[in-house]
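Enquirer: For what it's worth, our numbering labels the leading residue of the sequence shown as 23, then goes sequentially.
Every residue gets a Cβ at the ideal spot worked out from N, C-alpha and C, and that includes glycine.
As the structure is a computational prediction, the values presented were derived from the model and not from experiment.
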Amino acid sequence: MSDSKRITASKKELLELEKGFWTGDAAYYAANADTECLVAFPQMAQAMDNADLAKTVTNPNRWRDLDIELKGIIEPGSDIIMLTYEARATRENGQPYAALVSTGYVHRVNGWKMMFHSQTPMEATAKDDRHG
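Here you go:
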């Protein structure tokens, strides 16, 4: 059964990589995104090369109070891993943000590289007192 399959990648390492994509600068993106990455946001869906993706990060202080709640992780092959999580953060202007996020990584000789990233925004509230 797939539920019993062991994940060989470190969940902690992958979540740290994810946090870096939320808070890192263009150099972080260049170092941790694959040669080409497929991205899907409500305002943008396309394949982007590493340099173009890095250029999208113009403000490394764009998020604060980031909280990531892992919802699922699968490793369909020894060199590919996909994870899904709920992210909650505050934009630089103080506006709350929440999204369901999925990211795919491929393992290269120099570590895990992001090759897919998708965000589906959810309704966010200032303190988000929802329980569940």
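In this structure, how does DSSP classify D74 when only helix, strand and coil are distinguished?
Expert: Taking the first residue of the sequence shown as 1, we reach residue 74 at position 52. Of the three classes helix, strand and coil, the one that applies to D74 here is helix, per DSSP.
Enquirer: Inspect the CB distances between the stretch 69–76 and the stretch 38–55 and report whether three or more fall short of 8 Å.
Expert: The stretch 69–76 is in contact with the stretch 38–55.
Enquirer: Helix, strand or coil: how does DSSP classify A109 here?
Expert: Along the sequence shown, one-based indexing puts residue 109 at 87. Residue state, collapsed to three classes: strand.
Enquirer: What three-state label does DSSP hand T30 in the structure shown?
Expert: Counting from one through the sequence shown, the residue named residue 30 turns up at place 8. In the structure shown, T30 sits in coil (DSSP, three-state: anything other than H, G, I, E or B).
Enquirer: Which of the three DSSP states is assigned to A69 in this structure?
Expert: For the purposes of this step, residue 69 is identified with residue 47 of the sequence shown, where counting begins at 1. A69: strand per DSSP, three-state reduction.
Enquirer: Just list the residues that DSSP pairs E91 with in beta bridges.
Expert: Here residue 91 refers to the residue found at position 69 of the sequence shown. Looking at the DSSP assignment, E91 forms a beta bridge with E108.
Enquirer: Output the distance between the C-alpha atoms of A111 and Q117, rounded to the nearest integer angstrom.
Expert: Taking the first residue of the sequence shown as position 1, residue 111 is located at position 89. Taking the first residue of the sequence shown as position 1, residue 117 is located at position 95. C-alpha separation (whole angstroms): 9 Å.
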